[in-house]
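A.B. asks: Here you go, one structure.
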Amino acid sequence: MRDNLKSRDFHRHMRSLLASRFRELGWESQNAGKCRFTRGGRACWLQVSQYSNSIMGAKFTINMTESSGPTGDTRILRRLNEADRTVGKALEESIIARLPRPDPDPEIEVVGDNGQPVLVKLGDLARANPRQWDAPSDVWLPYFGKNDLDDWAAFLLPRLERLTAPSSSEKTDPQLWAQRFRRLARLFRSK
1063 MRDNLKSRDF HRHMRSLLAS RFRELGWESQ NAGKCRFTRG GRACWLQVSQ
1113 YSNSIMGAKF TINMTESSGP TGDTRILRRL NEADRTVGKA LEESIIARLP
1163 RPDPDPEIEV VGDNGQPVLV KLGDLARANP RQWDAPSDVW LPYFGKNDLD
1213 DWAAFLLPRL ERLTAPSSSE KTDPQLWAQR FRRLARLFRS K
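All residue numbers for the sequence shown refer to the working numbering, where the first residue is 1063 and numbers rise by one.
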């Protein structure tokens, strides 16, 4: 069913579903209007696609900033492993399959893969995108109502610890390595 959730309702609902797990993992909730969490110098937040609409539904992803350095933002759903992607693809297909088809189902003109106009049944616009589940594609999770968000939260909760784990570049503190290098250099200079 399509609830046509506004962005603030999306964030409020997802925050209610994910906040306790993030707290268990040591993250602090931030910015009451958004589903955003911080831990140390890292921030993790949910982003709704700007191309969402009531016909095609909405999509969201999860971003993380690991440092203020050149690494910038990471879309952590790229970190899903092959088993996660198989489960996620099946969940997306089940969400799309339970959508009611328009009756009658009119054809509308959309832009095709090569830029040409193509007629597509309105009910087919929201179909699942199997290519996004091929690694290392950027994954956006579709939703049409709160029930879909509940399903995506159930998918994400057991994976959050792994998905938000520090990357190897974050585990390596550059200042620590610089200190070790200076000590080593002093050893060679003293001889």
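Glycine included, each C-beta is placed from N, C-alpha and C at the ideal position.
1) With H, G and I counted as helix, E and B as strand and the rest as coil, what does DSSP make of GLN1112?
2) Residues bridged to ARG1104 by DSSP?
3) So for LYS1121, helix, strand or coil by DSSP?
4) Shortest alpha-carbon distance to THR1123 belongs to which of GLY1102, LEU1087 and PHE1072?
5) Please look up how many angstroms separate the CB atoms of PHE1084 and LEU1222, rounded, as I've assumed it's under 8 angstroms.
6) Any idea if LEU1181 is buried or exposed, counting beta-carbon neighbours within 10 angstroms, 16 or more meaning buried?
7) So PRO1179 and GLU1171 are supposed to be a Cβ contact under 8 angstroms. How far apart are they, rounded?
8) Can the beta-carbon of ARG1140 be found closer than 8 angstroms to that of PRO1198?
9) I'd like the list of long-range same chain contacts for ASP1146, defined as Cβ closer than 7 angstroms, with 5 residues on each side in sequence excluded.
10) What does a CB cutoff of less than 7 angstroms around ALA1152 pick up in its chain, not counting 5 residues either side in sequence?
11) For ILE1170, which residues does DSSP report across the bridge?
C.D. replies: According to the data block:
1) coil
2) ARG1101
3) strand
4) PHE1072
5) 7 angstroms
6) exposed
7) 5 angstroms
8) yes
9) ARG1221
10) none
11) VAL1182
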